[in-house]
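Everything in the sequence shown is counted per our numbering, starting at 3 for the first residue and increasing by one.
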Amino acid sequence: MKNQKQAMLYGLGTVLLWSTVATAFKLSLRELAPVQMLLIACSASVVVMAIILMLQGRWHLVFSLSRKQYAQSFGMGLINPCLYYFLLFGAFDRLPAQEAQPLNYTWALVLAYMSVPFLGHRLRKLDIVAGLICYAGVVVIATRGAVTSLSFEDPLGVSLALGSTVVWASYWIIATRDTRDPVVGLFLNFLCGLPVILLICWWTEGLNFATGTSLAAALYVGVFEMGIAFVLWSYAMKKAENTSKVSNLIFISPFLSLVFIYFILGEHILPSTYIGLVLIMMGLWIQQKKVKDREEALNVG
3 MKNQKQAMLY GLGTVLLWST VATAFKLSLR ELAPVQMLLI ACSASVVVMA
53 IILMLQGRWH LVFSLSRKQY AQSFGMGLIN PCLYYFLLFG AFDRLPAQEA
103 QPLNYTWALV LAYMSVPFLG HRLRKLDIVA GLICYAGVVV IATRGAVTSL
153 SFEDPLGVSL ALGSTVVWAS YWIIATRDTR DPVVGLFLNF LCGLPVILLI
203 CWWTEGLNFA TGTSLAAALY VGVFEMGIAF VLWSYAMKKA ENTSKVSNLI
253 FISPFLSLVF IYFILGEHIL PSTYIGLVLI MMGLWIQQKK VKDREEALNV
303 G
């Protein structure tokens, strides 16, 4: 049954979890290599999603798919978690959290652009304006305010962050044709991707992991960012009478994240981060506005 109040609570819970993960990423990467962190987080996520499916009485769905769907799980698993999180964690390993986190939020705009050739969506003038504003924010953050010189502090880190947005958008475009139960699909994608991550980790960094805060932070990422947050957001969307109101909650996350980054990581938040983040959020808001207006009109009607 639809229940907007419950939907907003689920949405707020998701946003709170999303707001903490940039800090958790950096805490984990202090002593772990990105691929080691990915192995730990992915393992924890697989366990959590398996427990969720069992508690929901949907565990049998894992064994009721076709061969084609299991093959799809392997292919999608190579994209997410393997490639996406390797790029994302690599970006966080090289960049301050206050820079990597806002850059990652541009995935929504990349998805809109990639939907034109791959899903047949129309490119609106509003999308172009939103893109110019968003990527102006990216330049401000990546150059730390030195816009005129276009001097990037870490070009590779910025490339990894922006590359992760392309991979994430690609994953969701492929997911539009996925008929599996969302949690079952994500569980199988992670389960199929896990052996690949294990082999790469063993081959490159080894399986001797640091303990303490870094290990705890990696487990936190797997349990909450990769597992519980996804389920909460799915519930929020299912319960929502007006999904646009729930979707608007995501604009809280990057600003709340800066609070955790400042107080827990001790990063001095640069003025360029605030300016760039406001530009990125403004661009995303403009890009989504027409869709939301159309949905609200339908709800009112």
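Built from N, CA and C at the ideal position, the CB exists for glycine as well.
Could you tell me which of the options sits nearest to residue i, measuring between CA atoms?
i: residue 273; options: 39, 148, 106; result: 148
i: residue 94; options: 229, 115, 158, 224; result: 158
i: residue 72; options: 195, 232, 237, 251; result: 195
i: residue 133; options: 232, 122, 120, 116; result: 116
i: residue 197; options: 27, 8, 44; result: 44
i: residue 85; options: 33, 232, 111, 37; result: 37
i: residue 145; options: 97, 57, 203, 69; result: 97
i: residue 202; options: 35, 242, 9; result: 35
i: residue 39; options: 83, 79, 61; result: 83
i: residue 290; options: 265, 245, 275; result: 245
i: residue 113; options: 62, 165, 65; result: 165
i: residue 5; options: 286, 62, 238; result: 238
i: residue 172; options: 79, 261, 225; result: 79
i: residue 228; options: 111, 192, 178; result: 192
i: residue 167; options: 89, 240, 180, 190; result: 89
i: residue 190; options: 140, 174, 76, 33; result: 76
i: residue 223; options: 91, 10, 243; result: 91
i: residue 264; options: 21, 240, 61, 8; result: 21
i: residue 26; options: 269, 207, 127, 221; result: 221
i: residue 68; options: 247, 209, 181; result: 181
i: residue 52; options: 210, 225, 261; result: 225
i: residue 10; options: 243, 174, 275; result: 243
i: residue 70; options: 271, 156, 179, 125; result: 179
Output the boundary residues of the alpha helix (DSSP H) element that contains residue i.
i: residue 137; result: 127-144
i: residue 206; result: 184-206
i: residue 78; result: 69-79
i: residue 10; result: 6-31
i: residue 344; result: In the structure as shown, the chain starts at 3 and stops at 303, and residue 344 therefore has no counterpart that could be examined.
i: residue 1; result: Past the edges of the chain, shown from 3 to 303, lies residue 1, and the structure says nothing about it.
i: residue 95; result: 86-96
i: residue 178; result: Residue 178 -> no alpha helix (DSSP H), and no H or E assigned at all.
i: residue 66; result: Where residue 66 is concerned, there is no enclosing alpha helix (DSSP H), given that its DSSP letter is neither H nor E.
i: residue 222; result: 215-222
i: residue 115; result: 109-121
i: residue 55; result: 36-57
Assuming residue i contacts residue j under a Cβ cut-off of 8 Å, what Cβ separation, rounded to an integer in Å, is found between them?
i: residue 55; j: residue 186; result: 7 Å
i: residue 251; j: residue 13; result: 5 Å
i: residue 142; j: residue 277; result: 5 Å
i: residue 285; j: residue 57; result: About 39 Å separates the two Cβ atoms, so there is no contact after all.
i: residue 183; j: residue 63; result: 5 Å
i: residue 24; j: residue 249; result: Their Cβ separation, rounded to whole angstroms, is 20 Å, which puts residue 24 and residue 249 out of contact at 8 Å.
i: residue 131; j: residue 288; result: 6 Å
i: residue 169; j: residue 81; result: 6 Å
i: residue 310; j: residue 8; result: Any answer about residue 310 is impossible in this case: the structure gives the chain only from 3 up to 303.
i: residue 199; j: residue 31; result: Contact doesn't hold; Cβ gap of about 16 Å is too wide.
i: residue 212; j: residue 33; result: 4 Å
How about residue i: is its C-beta nearer than 8 Å to some C-beta of chain B?
i: residue 113; result: Among the protein chains of the structure shown there is no chain B, as only one such chain exists.
Exercise for the section: Would you be able to state if there are at least three C-beta pairs under 8 Å between the stretch 135-146 and the stretch 96-110? Expected result: At 8 Å Cβ cutoff, the stretches touch.
Exercise for the section: Report yes or no: do the stretch 46-54 and the stretch 154-170 share at least 3 C-beta pairs separated by less than 8 Å? Expected result: Counting C-beta pairs with one atom in each stretch, the stretch 46-54 and the stretch 154-170 have fewer than three that are closer than 8 Å, which means they do not touch.
Handout entry: Meets three-Cβ-pair contact criterion under 8 Å: the stretch 237-255 and the stretch 11-22
Key = Flag = yes, the stretch 237-255 and the stretch 11-22 touch.
Handout entry: Validate contact between the stretch 208-222 and the stretch 85-102 using beta carbons, cut 8 Å, 3 pairs
Key = As far as the Cβ criterion goes, the stretch 208-222 does not touch the stretch 85-102, which means the pair count is below three.
Problem - Inter-stretch contact at 8 Å, needing at least 3 Cβ pairs: the stretch 120-131 / the stretch 234-249 - result: Output reads no: the stretch 234-249 does not touch the stretch 120-131.
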